[in-house]
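Have a look at the structure below, then the notes.
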Amino acid sequence: MRRVQLIQRFYPVLALIIPLLIVVLVIEVFGSPGTQRVTTEALIRLVFAVGLYIFAGNSGIVSFGHMAFCAIAAYATAWQTCCALMKPITMTGLPAFVRDNTFPLFPAAMTSIGLAAGVAFLSGLILMRLSSLSASISTLALLFILNVIYSNWVSVTMGNSTIVGLPVYVTAWGALSAAVLVIVIAYLFQRSRWGLMLRATREDEVAAAASGLSLYWTRLAAFTLSGSVAGLAGVLFAHFTGTVSIGTFFLSHTFLIVAMLVVGGMRSLAGAVVGVTVISAVTDVFRRAEAGFSIGSIDVAIPPGSQELILATLMLLILIFRKDGIMAGREFTWPGRSKEGHVRAPLVTPTKDPAQRLSALPPRP
Amino acid sequence: MTNFVQVLIDAIALGSLYALVALAIGLVFGVMRLINFAQADYIVVGAYSLVIPSTSAVPALLFGALPSVAMIFCVTLTVTLLALLTERLAFRPLRNTDTTTLLISSFAVSYFLQSLILMFHGGRPKTISIGEGLTSAVEIFGIRIPGVQLVTMGVALTLLIALVLFLKKTPLGVQLRAAAENFQMARLLGVPANRVIAIAFAISGILGGTISLLFVIQTGTLDIRMGLMPTVYAFFATVIGGIGSLPGAVLGGYIVGIVSVLLQAYLPEEVRAFRDAGVFTLVILILLIRPHGLIVTSAAKERV
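Just so you know, the protein sequences line up as chains E and H, in that order.
Under our numbering, read the first sequence as residues 135 to 499, first letter to last.
Under our numbering, read the second sequence as residues 440 to 743, first letter to last.
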């Protein structure tokens, strides 16, 4: 009985993890090396998307700055683990103990994530004081600040050049375990006291504040946690491709991840996972179509660039016709046990406009 | 001293440019709570409409081959139509959704337009020369000012004044300002929603087209990213000016432009590259001190 309860309680997570596991297993056994690489990359994006979801999904404030934390961690791990011979020549500005030593992989990853978390906390101290729209825009400012600094701080980051030669140790299984870990973290967080408080501020800032919740501290906690998960994604990116370059941590990548969240539905963990899966599959299909394939004896190829057009169109269509994304704010729930114990989307989306809010109330008897 | 005057002129020229872009963004935000990131791509499309689509680095001219008046007309018309089209297809169905959704949708539109240009023109920057006569320097009171700078400043100031007159003196402009102040109330008093929104987008298109021409004359290159930085600056300009406030947008534009030029001129050589970071930090600092921006409108405060 106990065990059934436990399974029921963690069903929303299991319903995400087990299919992922099966998909990765199938691809590892039957897929080509190319497909395996695409899968690993998608899993790393999943880590990032779930990290972004921890803040954006629960607080309702979209952050465009999380790629900055990703970049910070990726560079930090590159400084510690990469190219012992080249560092004293190309990255002269590094502190001596980093420049002249090479650190083991795991502690390096941990300190890099710690650095990302620290920067997230410090920037959060400032950004979380702002109202939601200003905060959203300021996170964009954060991304630009980091981009300007890292692409010009040549003696430390090699500027716009790419750092190559990082140890490559991230496989599909490694990425999968990271993804499973962050899914569990995100789920535990959203069911925790802090997560529920944060969700309350998302639904109605004023009512939440009136109930004695601090908008500032709940948001700051989530921002820090989510920044450190973004940092983890950065470490994985760096040790998957073996290269780090500031250009990859900018607007287009941010856009891709935000698109994934929007398509899946930003308001639930299942939405984040489904969004990443669907968009990764769709982009991969169209990438192949761009490269050309043959039906019978005819070679077909769609013009290059149509993949991006389709992604943007898909996102707009979802925004227009299914604003809450594919999952519409729901988690996968245990069959027949959907009434209690799970955070469900409200029937009426709260609106800021008092007139609309009144008309949304049920008619009086 | 002469150096300082030159820096000042640079600052005002750049400030005016940013003020124009910020005004375009501010107008659209006022009427439909949309922070239109696609403004960047209006500028890019305007610039690329000068040449015939090809992947060549020195492409043949399309609108750029026309006489100057016709060229200006065609480019602004193209961008205006594009702005209206994006409004009709992408933003109108989303009109009543929250600001964040709208912002994301404008990212999607921007991404779409960018990929479209990439598809037809290729990703490499191109060289193009229009308005060569303007690049020669003019000497006034012993200070040599590049002609382009003067033109930029002149055009920007003229447009600003024209816009202010339009907004203050014509019935349409008054409706537009009313809608920017309080859209619901304006509608209740008989301001047609579709029309004011269309006008706001049309103005943002006209401004986008003009700005793209100014940029092309200045730099002589076409780049897929040329609209990004001005729009991002303008974006932050509207925020620090007080989002939804039109005078605030202009003020913010000038602040951002002037600070950026001053930092460029007076920062020590080794940190000059970080100038943009300074400007963006300024944005966050101003927001910290005045979370609703410098000029607060009634729309900025949330009602319970």
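Yeah, the Cβ is synthetic: ideal placement off N, Cα and C, and Gly gets one too.
Contacts that residue i makes with chain H (C-beta to C-beta distance below 7 Å)
i: ALA446 (chain E); result: ALA547, TYR550, PHE551 and SER554
i: ASN286 (chain E); result: ALA712 and PHE713
i: PRO437 (chain E); result: MET558
i: ALA312 (chain E); result: Within 7 Å Cβ-Cβ: nothing; ALA312 (chain E) doesn't reach chain H, min ~26 Å.
i: ARG263 (chain E); result: LEU727
i: GLU442 (chain E); result: TYR550 and SER554
i: PHE389 (chain E); result: PHE546 and TYR550
For residue i, the three-state DSSP class (helix, strand or coil)
i: PRO146 (chain E); result: helix
i: LYS565 (chain H); result: strand
i: ASP433 (chain E); result: strand
i: ILE728 (chain H); result: helix
i: ARG711 (chain H); result: helix
i: ARG583 (chain H); result: strand
i: SER166 (chain E); result: coil
i: VAL630 (chain H); result: coil
i: SER651 (chain H); result: helix
i: SER295 (chain E); result: coil
i: VAL490 (chain H); result: strand
i: SER428 (chain E); result: strand
i: LEU347 (chain E); result: coil
i: LEU500 (chain H); result: strand
i: THR335 (chain E); result: helix
i: LEU706 (chain H); result: coil
i: VAL378 (chain E); result: strand
i: LEU661 (chain H); result: strand
i: PHE443 (chain H); result: helix
i: ASN192 (chain E); result: helix
i: LEU473 (chain H); result: coil
i: ASP458 (chain E); result: coil
i: THR390 (chain H); result: Past the boundaries of the shown model lies residue 390 (chain H); chain H is included only from 440 to 743, so the question cannot be answered.
i: PRO238 (chain E); result: coil
i: VAL401 (chain E); result: The sequence given here has Arg at residue 401 (chain E), not Val. The answer is coil: DSSP assigns ARG401 (chain E) none of H, G, I, E or B.
i: MET225 (chain E); result: coil
i: SER684 (chain H); result: coil
i: LEU159 (chain E); result: helix
i: PHE198 (chain E); result: coil
i: SER699 (chain H); result: helix
i: PRO438 (chain E); result: coil
i: SER495 (chain H); result: coil
Amino acids of chain E, ordered along the chain, whose beta-carbon sits closer than 7 Å to that of residue i
i: THR538 (chain H); result: LEU267
i: ILE529 (chain H); result: Here residue 529 (chain H) turns out to be Ala, not Ile, going by the sequence shown. In chain order: LEU450.
i: VAL671 (chain H); result: PHE278
i: LEU533 (chain H); result: LEU453 and ILE454
i: ALA716 (chain H); result: ILE279, VAL282 and ILE283
i: PRO730 (chain H); result: LEU264, SER265 and SER268
Unbroken alpha helix (DSSP H) run spanning residue i, endpoints
i: ALA576 (chain H); result: Where ALA576 (chain H) is concerned, there is no enclosing alpha helix (DSSP H), although the beta strand (DSSP E) it sits in stretches over 576-579.
i: ASN281 (chain E); result: 266-286
i: ALA479 (chain H); result: 478-487
i: ALA313 (chain E); result: 306-325
i: MET262 (chain E); result: First-last for MET262 (chain E): undefined, no H or E at that position.
i: CYS217 (chain E); result: Element bounds for CYS217 (chain E): n/a, residue is neither H nor E.
i: PRO610 (chain H); result: 610-620
i: ALA230 (chain E); result: 230-233
i: LEU733 (chain H); result: Premise fails: LEU733 (chain H) is in no alpha helix (DSSP H) and is neither H nor E.
i: THR467 (chain E); result: Neither: THR467 (chain E) is in no alpha helix (DSSP H) and is coded neither H nor E.
i: LEU300 (chain E); result: Run containing LEU300 (chain E): none; DSSP gives neither H nor E here.
i: SER386 (chain E); result: 385-398
i: MET668 (chain H); result: 667-680
i: LEU505 (chain H); result: First-last for LEU505 (chain H): undefined, no H or E at that position.
Listed by chain order, chain E residues near residue i by CB distance under 9 Å
i: THR415 (chain H); result: With chain H represented from 440 up to 743, any question about residue 415 (chain H) goes unanswered, as that position is not in the structure.
Residues of the region 444-469 of chain E with a CB closer than 7 Å to any CB of chain H: list them in chain order, please. Within the region 444-469 of chain E, those residues whose Cβ lies closer than 7 Å to any Cβ of chain H are, in chain order, ALA446, THR447, MET449, LEU450, LEU453, ILE454 and LYS457.
Could you check whether the region 305-323 of chain E touches the region 234-249 of chain E, counting it as contact only if at least three pairs of C-beta atoms, one from each stretch, sit closer than 8 Å? Too few Cβ pairs lie closer than 8 Å, so no.
If you measure beta-carbon to beta-carbon, which residues of the region 188-216 of chain E are closer than 7 Å to chain H? Across the region 188-216 of chain E, CB contacts with chain H closer than 7 Å involve VAL196, in sequence order along the chain.
How do the region 162-180 of chain E and the region 191-209 of chain E stand: do at least 3 beta-carbon pairs fall below 8 Å, yes or no? Not touching, per the Cβ criterion.
In the region 158-180 of chain E, which residues sit with their C-beta less than 7 Å from some C-beta in chain H, listed in chain order? Contact residues of the region 158-180 of chain E toward chain H are absent (C-beta to C-beta distance below 7 Å).
Assess contact between the region 719-732 of chain H and the region 663-680 of chain H, defined as three or more Cβ pairs (one per stretch) separated by less than 8 Å. Is contact present? With the rule of 3 Cβ pairs closer than 8 Å, the region 719-732 of chain H counts as touching the region 663-680 of chain H.
Are the region 207-219 of chain E and the region 240-257 of chain E touching, with three or more C-beta to C-beta distances below 8 Å? Contact holds: three or more Cβ-Cβ distances are below 8 Å.
Determine contact between the region 349-363 of chain E and the region 249-260 of chain E, defined as no fewer than three beta-carbon pairs at a distance below 8 Å. Touching, per the Cβ criterion.
Does the pairing of the region 643-650 of chain H with the region 511-521 of chain H give three or more beta-carbon distances under 8 Å? With a cut-off of 8 Å, the region 511-521 of chain H and the region 643-650 of chain H count as touching, because enough Cβ pairs lie within range.
Is there contact between the region 362-382 of chain E and the region 336-344 of chain E, where contact requires at least three CB pairs shorter than 8 Å? With fewer than three CB-CB distances shorter than 8 Å, the region 362-382 of chain E does not count as touching the region 336-344 of chain E.
Does the region 327-335 of chain E come into contact with the region 183-203 of chain E, if we say contact requires no fewer than three beta-carbon pairs (one atom in each stretch) closer than 8 Å? Between the region 327-335 of chain E and the region 183-203 of chain E, the count of C-beta pairs closer than 8 Å reaches three or more; the two stretches touch.
Scan the region 226-248 of chain E for residues whose Cβ lies nearer than 7 Å to a Cβ of chain H and list them as they occur along the chain. Taking a C-beta cut-off of 7 Å against chain H, none of the residues of the region 226-248 of chain E qualify.
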